[in-house]
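Taking it in order: structure first as structure tokens, then the write-up.
In the working numbering, the protein residues as written are 141 to 454.
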């Protein structure tokens with residue numbers, strides 16, 4: 141391993157530099173840095189989950205070395221959505237400088253604020269929504285709605301004196317989403333007509349033929365499985381998959397079942413989603429065990445979180 145870190149040459153005024161810290165060629169550790177006129181903008185700060193051959197490793201963080209000595213130049217961190225591979229490393233970066241503003245949607249900021257509370261960090265935040273335009277130093281940001289397996293995901297259009305970048309974050313083309321919030325192709329078309337110099341889209345599964353199944357197609361399958369099951373049903377899900385948990389709740393209630401959410405992150409995230417109105421918990425549906433150590437009844441459905449990130453995201 142070399143002992144010295146490569147230091148890029150200083151930028152000429154009006155030149156934009158893009159530094160991919162992580163997330164390229166891997167599913168996780170998403171972090172991109174944009175630099176112009178001596179200022180830095182960061183998009184996402186995620187973690188990478190270990191593989192089976194990495195025992196004892198809990199999380200893999202992005203390498204902050206290229207920007208560690210320039211944190212005073214960072215004007216903000218844009219968070220495209222609330223998945224761990226996009227927000228999970230934020231606490232570790234903010235421990236180096238706690239007053240970096242976080243910019244994101246309502247649910248995304250709520251999820252990261254809950255995580256930061258565990259680290260005893262109170263962040264500076266800016267809540268944004270699709271169609272909103274904000275200026276941070278030399279960067280003008282416009283936010284675009286995109287559909288994903290977590291609500292409130294956003295793409296960001298970054299305009300600078302050197303040119304424009306469209307950074308999508310994760311998205312999918314579900315034209316009939318449960319929350320009726322589709323990827324805003326009209327906004328993409330409008331930005332394209334104005335001219336985009338650099339397009340950085342999500343490419344997960346881009347080499348897999350076909351289309352991603354609609355999320356609402358999962359509901360009838362869940363309801364059928366739960367209806368036929370004589371006893372308890374266990375449904376594994378990512379702890380942030382609000383729409384999947386919503387369909388489990390609806391299917392369970394339709395069959396006279398109660399639902400128990402298991403796992404600290406699952407209970408926390410679904411509680412946040414319910415408080416903000418993203419998750420509708422039907423009346424009479426139990427969401428957590430009554431007391432520690434209580435096992436769900438045989439007529440219940442349980443939702444434990446998936447521990448490891450999957451390359452095949454719905």
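Positions of the beta carbon are idealized from the N, C-alpha and C atoms, including for glycine.
Through-space distance from residue 274 to residue 299, alpha-carbon basis: For the purposes of this step, residue 299 is taken as the residue at position 159 of the chain shown. For the purposes of this step, residue 274 is taken as the residue at position 134 of the chain shown. Residue 299 and residue 274 have their C-alpha atoms roughly 10 Å apart.
Of all the options 297, 343, 342 and 309, which has the alpha carbon lying nearest to the alpha carbon of residue 480? Not covered by the structure: residue 480. The range shown for the chain is 141 to 454.
List the endpoints of the continuous alpha helix (DSSP H) containing residue 258. The sequence position of residue 258 within the chain shown is 118, counting from 1. Run containing residue 258: 246–258, per the alpha helix (DSSP H) assignment.
Going along the chain, which residues of its own chain have a beta-carbon closer than 6 Å to the beta-carbon of residue 259, five neighbours each way excluded? Walking along the chain shown from the start, residue 259 turns up at place 119. Cβ within range, chain order: 231.
Rounded to a whole number of angstroms, what is the C-alpha to C-alpha distance between residue 158 and residue 175? Here the question's residue 158 lines up with position 18 in the chain shown. Here the question's residue 175 lines up with position 35 in the chain shown. When only Cα atoms are considered, residue 158 and residue 175 end up about 6 Å apart.
Strand pairing of residue 298, partner residues [DSSP]: Residue mapping note: residue 298 aligns to position 158 of the chain shown, counting from 1. Listed as beta-bridge partners of residue 298 by DSSP are 281 and 305.
Check whether residue 311 and residue 323 have beta carbons under 7 Å apart: Against the chain shown, residue 311 aligns to sequence position 171. Against the chain shown, residue 323 aligns to sequence position 183. Yes, Cβ-Cβ distance for residue 311 and residue 323 is below 7 Å.
Extent of the continuous beta strand (DSSP E) to which residue 217 belongs: Within the chain shown, numbered from 1, the residue matching residue 217 stands at position 77. For residue 217, the enclosing beta strand (DSSP E) stretches over residues 214–218.
Exposed unless 16 or more other CB atoms sit within 10 angstroms - verdict on residue 381: To locate residue 381, count along the chain shown from 1; it is residue 241. With 16 or more other CB atoms across the displayed protein chains lying within 10 angstroms of its CB, residue 381 is buried.
If you count every other CB in all the chains shown that lies within 10 Å of the CB of residue 228, and 16 or more means buried, which is it? For this step, residue 228 is matched to residue 88 along the chain shown. The residue is buried, with at least 16 neighbouring Cβ atoms inside 10 Å.
Round the Cβ separation of residue 226 and residue 287 to the nearest angstrom and send it over; I've been treating them as touching at under 8 Å. The sequence position of residue 226 within the chain shown is 86, counting from 1. The sequence position of residue 287 within the chain shown is 147, counting from 1. Between the beta-carbon of residue 226 and that of residue 287 there is about 15 Å, and that puts the pair past the 8 Å contact cut.
For residue 455, count neighbouring C-beta atoms within 10 Å of its own C-beta (all shown protein chains included) and say buried if the count is 16 or more, exposed if not. Within the shown structure, residues of the chain are numbered from 141 to 454, placing residue 455 beyond reach of any answer.
Using DSSP's beta-bridge definition, name the partner residues of residue 160. Taking the first residue of the chain shown as 1, we reach residue 160 at position 20. Beta-bridge pairing links residue 160 to 172.
Taking DSSP as the reference, what is the three-state secondary structure of residue 423? Taking the chain shown and counting its residues from 1, the one referred to as residue 423 is at position 283. The three-state reading of DSSP puts residue 423 in coil, since its state is none of H, G, I, E or B.
Helix, strand or coil: which one does DSSP assign to residue 265? Working through the chain shown from its first residue, we reach residue 265 at position 125. Residue 265: strand per DSSP, three-state reduction.
Express the C-alpha separation of residue 358 and residue 212 in angstroms, rounding to a whole number. By one-based count along the chain shown, residue 212 stands at place 72. By one-based count along the chain shown, residue 358 stands at place 218. Rounded to whole angstroms, residue 212 to residue 358 spans 46 Å at the Cα level.
Inter-residue Cα distance where the pair is residue 308 and residue 399: Mapped onto the chain shown, residue 308 falls at position 168. Mapped onto the chain shown, residue 399 falls at position 259. Counting only the Cα atoms, residue 399 lies some 35 Å from residue 308.
Using a threshold of 7 Å, state whether the C-beta atoms of residue 263 and residue 179 are closer than that. Counting from 1 along the chain shown, the entry for residue 263 is found at position 123. Counting from 1 along the chain shown, the entry for residue 179 is found at position 39. Residue 263 places its beta carbon 7 Å or farther from that of residue 179.
By a C-beta neighbour count over all protein chains shown, 10 Å radius and 16 as the cutoff for buried, is residue 143 buried or exposed? Reading the chain shown from its first residue, position 3 is the one you call residue 143. Interpretation of residue 143 is limited by its pLDDT of 49, a score under 50 that renders its predicted location unreliable; the figure taken from the coordinates is listed afterwards. Within 10 angstroms of the beta-carbon of residue 143 lie fewer than 16 other beta-carbons, which makes it exposed.
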